[in-house]
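Peer 1: Residue numbers (this note's numbering): 3 to 468.
Structure incoming, see below.
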Amino acid sequence: MSAALLVVDGDVVTMGPDRAVLERTTVAVVDGAIAALGTAAELRAAYPGAEEIDAAGCVVTPGLVDAHQHTTGDPLIRSTIPDDIDAQQAIFDWAVPIHAGHEPGDDELSATLTAVEALTNGVTTIAEPGTVAHPLSVARGLSAAGIRARVGMWGWDTPGLPWSAPVAEVVGRQEQLLADLPPGGVVGAWVTLVGHDLASDELFAAAADLAERAGTQVTWHLSPSDADGLAYAARSGKRPVTHLADLGVLGPRLVLGHGVHLDDDELATLLDTGTAIAVCPGAYLRLGQGYVTASRHAEFLRAGGRLALGCDSHNAGDTPDVLRAAWLLAGVSRDTRAGAPPLTAADAFAVATRTGAEALGLGDVVGSIEVGKRADLVVFDGTAPAWTPRGDLALQLVWGAPSGTVRDVLVDGRPVVRDGSVTTVDLPALREEAAGRRAALLRRAGIDAPTSWPVRSALVPGGPRT
Ligand SMILES: [Zn+2]
3 MSAALLVVDG DVVTMGPDRA VLERTTVAVV DGAIAALGTA AELRAAYPGA EEIDAAGCVV
63 TPGLVDAHQH TTGDPLIRST IPDDIDAQQA IFDWAVPIHA GHEPGDDELS ATLTAVEALT
123 NGVTTIAEPG TVAHPLSVAR GLSAAGIRAR VGMWGWDTPG LPWSAPVAEV VGRQEQLLAD
183 LPPGGVVGAW VTLVGHDLAS DELFAAAADL AERAGTQVTW HLSPSDADGL AYAARSGKRP
243 VTHLADLGVL GPRLVLGHGV HLDDDELATL LDTGTAIAVC PGAYLRLGQG YVTASRHAEF
303 LRAGGRLALG CDSHNAGDTP DVLRAAWLLA GVSRDTRAGA PPLTAADAFA VATRTGAEAL
363 GLGDVVGSIE VGKRADLVVF DGTAPAWTPR GDLALQLVWG APSGTVRDVL VDGRPVVRDG
423 SVTTVDLPAL REEAAGRRAA LLRRAGIDAP TSWPVRSALV PGGPRT
């Protein structure tokens with residue numbers, strides 16, 4: 003019999019079709035898949051000698067899904083881009099030159115660090131939206147950490163930008179990546195354009211066609227602020243979503259990053275075509291993009307829209323913490339746009355798990371704890387103060403945002419976090435490498451990062467003793 007693992011006696015938030023919570027239930031994992039749910043006694047009898055994780059008194063949930071998470075560029079310069087500049091400056095004066103300065107080793111380390119942080123927050127799937135120069139290095143880093151991921155690479159054909167190329171070359175690179183990282187793997191490829199107004203109509207059409215031929219999802223950015231609306235008004239006189247609909251590129255394979263600024267017709271078009279949205283509330287608030295007044299994500303979800311959560315990048319959203327993003331999604335929906343029924347904690351947790359997985363085309367694979375799905379599981383430490391005393395689980399998971407109580411995490415049945423620490427990589431070594439690579443990257447990009455406060459050292463005269 004193959005090696006089995008039992009997660010014993012937890013209170014299991016299944017996120018199955020009826021959203022049942024199964025108290026004091028054991029999950030049997032065999033060959034990376036969820037093989038059975040039952041009592042500890044019957045599953046010990048069925049799988050003698052199985053390894054065990056004691057989850058008594060703990061809350062066990064499906065792994066969280068982060069459907070829009072940049073793994074390169076920002077992670078090595080996290081908390082560095084100032085928050086007193088606008089979003090366009092943050093992207094073009096900071097993020098773009100930093101990306102241009104990346105070496106393959108930077109990409110691999112960035113991705114590893116992002117995955118490690120995500121896993122310790124209970125995030126088991128991340129979808130990289132493709133601002134990546136060295137995708138195989140990223141895939142190596144993600145695999146080393148042990149997270150499930152979709153990885154893309156730079157896709158734009160606007161002259162003068164880093165890694166820009168003609169349509170055929172962009173598509174050729176992406177086809178090669180799909181061959182190198184088959185989409186069915188734990189870390190697999192998908193099709194990625196930067197999007198916004200930074201692709202020709204030919205490139206949008208070619209990317210959508212490639213995703214269809216490869217049977218995978220495709221993503222690009224659209225309308226986090228009103229800048230894309232202005233750009234498309236100049237480009238074609240149409241709203242961005244209307245323009246894309248007329249190109250024939252919308253549909254269930256497309257995951258639009260953001261979709262914050264949408265008019266009524268655009269919202270209806272996304273619903274009609276089954277196009278998914280990955281919403282990244284933390285980024286819009288950090289960058290000041292008008293989310294609170296413009297967001298229609300609650301309406302979109304209520305009308306049957308396919309919605310996922312994302313955490314964007316390490317200077318916009320700043321941490322791959324899907325529970326915090328769920329808190330923000332639900333919270334903003336309760337304080338905006340009169341007339342739209344606000345989202346509940348239960349709605350937001352579904353977006354963080356089941357519907358997020360469906361948006362990424364992974365609905366049959368992960369997103370709930372059901373027999374036959376891959377075993378991506380999170381064990382929250384039910385003895386932590388955040389869970390004391392226990393209340394309604396949906397309310398506690400979202401409004402309590404208990405990411406800090408993640409104790410154990412399995413991805414594809416493999417324990418990758420135990421007792422709050424990642425087991426797959428050498429964190430002290432990564433820390434040391436990160437400090438060196440951060441400094442070198444800023445030097446190469448020609449950026450002298452300012453600090454919000456004067457920084458002095460106790461080791462030099464005039465230090466903190468003054
Ligand atoms: Zn993004």
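By construction, the Cβ of each residue, glycine as well, lies at the ideal position given by its N, Cα and C atoms.
Model, not experiment: these values are computed from the prediction.
How would you write the range of the beta strand (DSSP E) that residue 21 sits in, first residue to last?
Peer 2: No beta strand (DSSP E) contains residue 21, which DSSP labels as neither H nor E.
Peer 1: Can you determine whether any heavy atom of ligand 1 sits closer than 7 Å to the C-beta of residue 112, and answer yes or no?
Peer 2: Residue 112: no, Cβ never under 7 Å from ligand 1.
Peer 1: Along the beta strand (DSSP E) that carries residue 222, what are the first and last residues, could you check?
Peer 2: Residues 220–224.
Peer 1: Using the beta-carbon count (16 or more within 10 Å), is residue 180 buried or exposed?
Peer 2: When all chains shown are included, residue 180 counts as buried.
Peer 1: Which same chain residues end up closer than 6 Å to residue 318 when comparing Cβ atoms and leaving out the 5 residues on each side of it in sequence?
Peer 2: For residue 318, where only same-chain residues beyond five positions count, the Cβ hits under 6 Å are 285, 288 and 289.
Peer 1: Go ahead and pull the three-state DSSP assignment for residue 16.
Peer 2: Three-state result, residue 16: coil.
Peer 1: Can you tell which of 80, 24 and 261 has the C-alpha that lies nearest to the C-alpha of residue 292?
Peer 2: Among 80, 24 and 261, the Cα nearest to that of residue 292 is on 261.
Peer 1: Does the Cβ of residue 94 have 16 or more other Cβ atoms within 10 Å, making it buried, or fewer, making it exposed?
Peer 2: Residue 94 should be labelled exposed.
Peer 1: Kindly indicate which residue of 165, 361, 112 and 370 has the alpha-carbon position closest to the one of residue 554.
Peer 2: The chain is shown from 3 up to 468; residue 554 falls before or after that span and cannot be answered.
Peer 1: Report the three-state DSSP secondary structure of residue 468 (helix, strand or coil).
Peer 2: Note on residue 468: pLDDT 49, under 50, position unreliable in the model; the coordinate value appears next. Reduced to three states, the DSSP call for residue 468 is coil.
Peer 1: Tell me whether residue 5 sits in a helix, a strand or coil according to DSSP, three-state version.
Peer 2: DSSP places residue 5 in coil when its eight states are reduced to three.
Peer 1: CA-CA distance, residue 472 and residue 334?
Peer 2: This structure cannot settle anything about residue 472, because the visible part of the chain is limited to 3 through 468.
Peer 1: Anyone know if the C-beta pair for residue 327 and residue 311 falls short of 8 Å?
Peer 2: Closer than 8 Å, so yes.
Peer 1: From 364, 441 and 391, pick the residue whose C-alpha is nearest to that of residue 255; which is it?
Peer 2: Among 364, 441 and 391, the Cα nearest to that of residue 255 belongs to 364.
Peer 1: Thinking residue 404 and residue 120 are a contact (beta carbons under 8 Å), I'd like their distance in whole angstroms, please.
Peer 2: Their Cβ separation, rounded to whole angstroms, is 16 Å, which puts residue 404 and residue 120 out of contact at 8 Å.
Peer 1: Could you give the uninterrupted runs of the alpha helix (DSSP H) lying entirely in the stretch 104–141, keeping only those of 4 residues or more?
Peer 2: Those alpha helix (DSSP H) runs which fall completely within the stretch 104–141 and span 4+ residues are 106–122.
Peer 1: Who are residue 40's beta bridge partners in DSSP?
Peer 2: In the DSSP output, where bridge partners are listed per residue, residue 40 has 28.
Peer 1: Specify, as a first and last residue, the run of the beta strand (DSSP E) that residue 446 falls within.
Peer 2: Per DSSP, residue 446 belongs to no beta strand (DSSP E); it is in the alpha helix (DSSP H), 429–447.
Peer 1: So for residue 174, helix, strand or coil by DSSP?
Peer 2: Looking at residue 174 - three-state DSSP - the assignment turns out to be helix.
Peer 1: Are the Cβ atoms of residue 31 and residue 6 separated by less than 8 Å?
Peer 2: Yes, Cβ-Cβ distance for residue 31 and residue 6 is below 8 Å.
Peer 1: Would you mind listing the alpha helix (DSSP H) stretches within the stretch 205–288 that are 4+ residues and don't spill past its ends, in chain order?
Peer 2: Those alpha helix (DSSP H) runs which fall completely within the stretch 205–288 and span 4+ residues are 229–237, 242–249 and 266–275.
Peer 1: Would the beta-carbon of residue 358 fall within 8 Å of that of residue 36?
Peer 2: No; because the gap between Cβ atoms is not below 8 Å, this pair is not in contact.
Peer 1: Residues in its own chain within less than 8 Å of residue 220 by CB, not counting five upstream and five downstream?
Peer 2: Closer than 8 Å at Cβ, skipping near neighbours: 192, 193, 194, 195, 209, 210, 212, 213, 255, 256 and 257.
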